[in-house]
Amino acid sequence: MKNHVWRPLVIVLAIVGGILIVRTLLVPKDFGIQERGYMYGWHRKSNEAEWKKYPVKYKTAVICRECHKDQYDDIKDSPHHSISCENCHGPNYDHPQNPLGLKIDRSRGLCIRCHAYLPYKDSARANIPGIDPEKHYPQAECVMCHYPHDPRRSNPKYQKSEVKS
Amino acid sequence: MMNRREFCKNAMIMAGGIMIPLTALEVFNPSRLHAEKDGKGKVRWVFLVDLHKCVGCGFCVKACKIENDVDWDANVTRTWVERYVVTKGMPGEEPKTYIDSPKGCRDGFITQKIDQASMGLKDIKPEQISKAFFVPKLCNHCENPPCVQVCPVGATYQTQEGVVLVDRTWCIGCGYCVMGCPYGVRYFHPELHVAEKCTLCYHRLCRGMKTACVDACPFGARRVGNIRDPEDPVTKIITTEQVNVLKEEFGTKPQVFYLGYSMEVK
Numbered sequence: 007m008k009n010h011v012w013r014p015l016v017i018v019l020a021i022v023g024g025i026l027i028v029r030t031l032l033v034p035k036d037f038g039i040q041e042r043g044y045m046y047g048w049h050r051k052s053n054e055a056e057w058k059k060y061p062v063k064y065k066t067a068v069i070c071r072e073c074h075k076d077q078y079d080d081i082k083d084s085p086h087h088s089i090s091c092e093n094c095h096g097p098n099y100d101h102p103q104n105p106l107g108l109k110i111d112r113s114r115g116l117c118i119r120c121h122a123y124l125p126y127k128d129s130a131r132a133n134i135p136g137i138d139p140e141k142h143y144p145q146a147e148c149v150m151c152h153y154p155h156d157p158r159r160s161n162p163k164y165q166k167s168e169v170k171s
Numbered sequence: 013m014m015n016r017r018e019f020c021k022n023a024m025i026m027a028g029g030i031m032i033p034l035t036a037l038e039v040f041n042p043s044r045l046h047a048e049k050d051g052k053g054k055v056r057w058v059f060l061v062d063l064h065k066c067v068g069c070g071f072c073v074k075a076c077k078i079e080n081d082v083d084w085d086a087n088v089t090r091t092w093v094e095r096y097v098v099t100k101g102m103p104g105e106e107p108k109t110y111i112d113s114p115k116g117c118r119d120g121f122i123t124q125k126i127d128q129a130s131m132g133l134k135d136i137k138p139e140q141i142s143k144a145f146f147v148p149k150l151c152n153h154c155e156n157p158p159c160v161q162v163c164p165v166g167a168t169y170q171t172q173e174g175v176v177l178v179d180r181t182w183c184i185g186c187g188y189c190v191m192g193c194p195y196g197v198r199y200f201h202p203e204l205h206v207a208e209k210c211t212l213c214y215h216r217l218c219r220g221m222k223t224a225c226v227d228a229c230p231f232g233a234r235r236v237g238n239i240r241d242p243e244d245p246v247t248k249i250i251t252t253e254q255v256n257v258l259k260e261e262f263g264t265k266p267q268v269f270y271l272g273y274s275m276e277v278k
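If you read the sequences in order, they're chains F and E. In terms of the working numbering, the first sequence opens at residue 7 and continues consecutively. In terms of the working numbering, the second sequence opens at residue 13 and continues consecutively.
Structure (structure tokens):
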């Protein structure tokens, strides 16, 4: 065959070869069809391990109980027993190695997540005692009267007269 | 000059010749064979939401945002809680459904006023309310995830356990998956500019823990379980009680099941 036919063919082959070389360099070795098949499992396998390595911040109340048994006993029979410690005390991170992670949220905003009154008779919200946050001692923090671990008790740290004045 | 008989013959040979190598490749692709043979693992995570129990406190959203480093103030969230308030039908007035989810319920529902975006805050009198409830939402980790099908680069995928994940290093940020999801659970990471979504706390599940939202819920409204384990309490509820899924008509086979579902839920 004549030379003018071969020349473009060589160029085309070089381009195809170049793309294939670049592809093998760029595409990770473990990229391909994984367990979920061609349509849903076409990915880089090592990414699954990367997601698995993601640090756990909320270690759950079971971990808290190991050391803070007194606090657990304080809350276990109260209506607030189902609230995880970390919901108010902040996520564990790597406590107790680094206790700076825990920051207790004593704000009104935290309490009224559940205790702001909403007139929804059929929802579970109706079973929770509710207040109007704008009218119920708006100048005070909830913890000044109510003891968070057991809301049936008043908070021994504060005197009621402080709040009402 | 080619006659018709010859043309048909050549065309058949050509078509056959093209098809043989393609099918040969399919048959001899070991990873595909492996995928289809062992495609069913021992674990398939599913999620169960009990709408009767949700009070709209938003602890789940808060825990999810902190656990997964989702930007606290940006208007993005991997899970959220919607409030549905259905009004009574008055004479000459149809019953209406008002839906809101201010900041994705990050701080809970603390006011009766319903956020209607550009229409302002809507205050509905208690006597006008026919029913009201809260609906937690998250990624449905569908059995047929449309977001995975549309990804042009293989950056989003489903693991053997049924969890849909995104490879942050491989995502090109085209946004097809954000558009493809019928449930609107995907968004762009405000800093990394890659697609983001609920990972079903994959890092917690494979450590034997529950998801952050499940652990944070004080009312047991959210639960996670393994549908392949017949003894799993979540599996027992899904297989024996009246549960529903969202937008079944899309054919995505969502794996987040709802107890106490109401027809107003979108």
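For glycine and all other residues, C-beta sits at the position ideal for the given N, C-alpha and C. Just so we're clear, the structure is a prediction, and the values are computed from it rather than from any experiment.
Item: Counting pairs of beta carbons, one from the stretch 246–260 of chain E and one from the stretch 105–120 of chain E, are three or more of them closer than 8 Å?; Value: no
Item: Note down the Cα distance separating F:V62 from F:L116, rounded to an integer number of angstroms.; Value: 23 Å
Item: In or out: E:W92 buried (at least 16 other Cβ within 10 Å) or exposed?; Value: buried
Item: From E:G187 to E:L204, what does the alpha carbon distance come to, in whole angstroms?; Value: 13 Å
Item: Specify whether the stretch 68–82 of chain E and the stretch 211–229 of chain E touch according to this definition: at least 3 beta carbon pairs, one from each stretch, less than 8 Å apart.; Value: yes
Item: Helix, strand or coil for E:P148 per DSSP?; Value: strand
Item: How is the alpha helix (DSSP H) around F:I69 delimited, first residue to last?; Value: 67–73
Item: By the criterion of Cβ-Cβ separation under 7 Å, what are the contact partners of E:I78 in chain F?; Value: K63, P97
Item: If contacts are defined as beta-carbon pairs under 8 Å, then E:Y270 and E:V61 qualify, I think. What distance do you get, rounded to the angstrom?; Value: 5 Å
Item: Closest Cβ-Cβ distance between F:K59 and chain E: below 8 Å?; Value: yes
Item: So that I know if they touch, is there some Cβ in chain E lying closer than 8 Å to that of F:C148?; Value: no
Item: Under 8 Å by Cβ, that's how I've got F:S90 and F:A55 pegged, so tell me the actual separation to the nearest angstrom.; Value: Contact flag wrong, Cβ pair sits at about 28 Å.
Item: How would you write the range of the alpha helix (DSSP H) that E:I136 sits in, first residue to last?; Value: Note, E:I136: premise wrong, no alpha helix (DSSP H); not H, not E.
Item: Find the residues of chain F that neighbour E:R216, judging by a C-beta separation of less than 7 Å, and give them in chain order.; Value: V62
Item: Could you pull the DSSP bridge partners for E:L60 from this structure?; Value: E:R235, E:F269
Item: With distances taken from CA atoms, which of E:E173, E:G272, E:V147 is nearest E:H153?; Value: E:E173
Item: So the beta strand (DSSP E) F:F37 belongs to, where does it begin and stop?; Value: 37–40
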